[in-house]
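Be aware that the sequence shown starts at 1, since it is given in UniProt numbering, and climbs by one per residue.
Each remark here refers to the structure printed beneath this line.
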Amino acid sequence: MGKKFLPITNCLFPSYQSPFRQLEINNMTLTVRVIAPDKTVWDAPAEEVILPSTTGQLGILSGHAPMLSALDIGVMRVRANKNQDWQAIALLGGFAEVDEDEVTILVNGAERGDKINLEEARTAYNQAQTLLNQVSAGDRQAQIQATKAFKRARARFQAAGGLV
């Protein structure tokens with residue numbers, strides 16, 4: 001008599017499907033919207049999103065668990081598919097919600113990297129850095145304002161293609 005082989009499944013729970021297998025079956029795309037008070041900056045499908053959360057970089061793929069996160073001033077990166085380059089968007093703080101492959105990002109301000117003039121962004125970054133270095137250590141309010149201005153200038157410069 002020949003040997004019988006079991007099919008490759010989870011023998012303890014035959015009806016269980018791995019979430020990784022489910023990801024392969026799904027469409028693998030997210031619907032991503034970046035909404036600022038004055039305009040919608042991005043509204044398109046994407047395969048992957050990287051956000052500047054207040055606790056660090058946050059990567060989101062299809063099938064991500066529902067969540068809400070505070071966003072810091074920084075650069076968001078979006079990739080429509082593996083064959084395309086990353087698109088950079090400078091975010092000026094806000095919130096991101098992930099729910100059923102929909103990513104909604106509400107921000108105080110945003111600007112696409114391809115719309116930012118690199119030389120203007122470089123000049124603003126250098127000026128903000130100089131101002132931050134010149135602020136008196138005793139003037140707490142001026143330090144906070146200079147730090148925010150520096151973060152905004154750095155995010156715009158990075159999104160435009162400077163400071164990788």
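For each residue, glycine too, the CB sits at the ideal point set by N, CA and C.
In this text the structure is predicted, and so the values were computed from the model without any measurement.
Contact annotation: M76 and L106 have beta-carbon atoms that are not nearer than 8 angstroms. When the five nearest sequence neighbours on each side are left out, the beta carbons in the same chain lying within less than 7 angstroms of the beta carbon of Q129 are those of F150, in order along the chain.
Annotation: E47 is outside any beta strand (DSSP E) and is labelled neither H nor E by DSSP. By the Cβ-count criterion, E120 is exposed, with fewer than 16 other Cβ atoms from all chains shown falling within 10 Å of its own Cβ.
Within the UniProt domain "ATP synthase epsilon subunit C-terminal" (115 to 161), no complete beta strand (DSSP E) segment of 3 residues or longer occurs. With fewer than 16 other Cβ atoms from the protein chains shown falling within 10 Å of its own Cβ, L68 counts as exposed. Inter-residue distance for R33 and D139 is about 39 angstroms (C-alpha atoms, whole angstroms). Considered as a whole, the region 78 to 105 harbours 87 to 99 as its complete beta strand (DSSP E) runs of no fewer than 3 residues, in chain order. Taking C-beta atoms as the reference points, A96 and E47 fail to come closer than 8 angstroms. The DSSP-derived three-state label of G113 is helix. A distance below 7 angstroms between beta-carbons, with the five flanking residues on each side excluded, links L118 to the following residues of its chain, in chain order: A160, G161 and G162.
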